[in-house]
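What the sequence shown shows, in this note's numbering, is residues 91 to 242, in sequence order.
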Amino acid sequence: MDLDTVIEKRHSVRSYCGMVPADNDMERIVAAARKAPSAGNLKAFKVFVLRSGTERRRMMESTLHQTFISEAPYLLLFCADLKAIEPYGGRGKELFCVQDATIAAVFAMLKATELGLGTCWVGAFDEDKVREASGSPPHLRPVAILTVGDEK
Ligand SMILES: Cc1cc2nc3c(=O)[nH]c(=O)nc-3n(C[C@H](O)[C@H](O)[C@H](O)COP(=O)(O)O)c2cc1C
């Protein structure tokens, strides 16, 4: 699929069929995220791959109970890494690590589209609840969640 087609095809998917994406596809999506540009190439972001029913339910509860979130077979949580970005001072903490996480999420989203998978960007959530639900430490700031699955 060429880039024009990927961009044309991408749309928010909030309804999923029962099929679970292949492990290899999920690995390729995460690998695409890791290829994103980042400030000073510090890659000041972390990606959590959430698969279990308990994890997805807890994330749904942390995102204003948007029910489609627990129905997606996979969730990718992108966090800004405030520790890794320390060399860039205040601007790094406030901006660069958030941008790193955001760009990585976009790369993942476009790769998922190219693989024929549906995604939805989720930004409406309680950061503390998401951090708790994912077990991520305080220096990781949740920036975006991507749902991933086959569109119904
Ligand atoms: C920063 C951001 C936050 C978003 N948060 C949510 C969300 O919490 N729940 C949701 O269902 N969609 C969310 N979306 C998806 C948008 O609603 C969607 O991208 C927009 O309506 C355009 O539709 P499209 O993605 O199909 O082109 C978010 C998108 C962005 C970029």
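Glycine included, every Cβ here is placed at the ideal spot set by N, Cα and C.
Proximity to phenylalanine 138 across Ala202, Glu151 and Met116 peaks at Met116, based on C-alpha coordinates.
Following the DSSP letters along the chain, one finds leucine 93 inside the alpha helix (DSSP H) bounded by residues 93–99. Sixteen is the threshold: since fewer than 16 other Cβ atoms of the shown chains lie within 10 Å of the Cβ of proline 228, the residue is exposed. In the DSSP assignment, the residues bridged to glycine 208 are Gly239. At least 9 Å separates the beta-carbon of lysine 183 from that of alanine 122.
In the DSSP assignment, lysine 219 falls within the unbroken alpha helix (DSSP H) covering 217–224. A Cβ closer than 5 Å to some heavy atom of ligand 1 marks a residue here, and those residues are His101, Ser102, Trp211, Val212, Gly213 and Ala214. Taken through DSSP and simplified to helix, strand or coil, alanine 194 comes out as helix.
When secondary structure is reduced to three states using DSSP, cysteine 107 falls in the coil class, being assigned neither helix nor strand. The criterion of a C-beta distance shorter than 9 Å is satisfied by valine 212 and threonine 237.
In the displayed model, serine 160 falls within a helix according to three-state DSSP.
Excluding five sequence positions before and after leucine 207, the CB atoms of its chain that fall closer than 6 Å to its own CB belong to Pro111 and Val238, given in chain order. Check the Cα spacing between threonine 157 and each of Glu176, Ser105, Ala134 and Asp113: the tightest is with Ser105. DSSP, read as helix, strand or coil, puts lysine 136 in strand.
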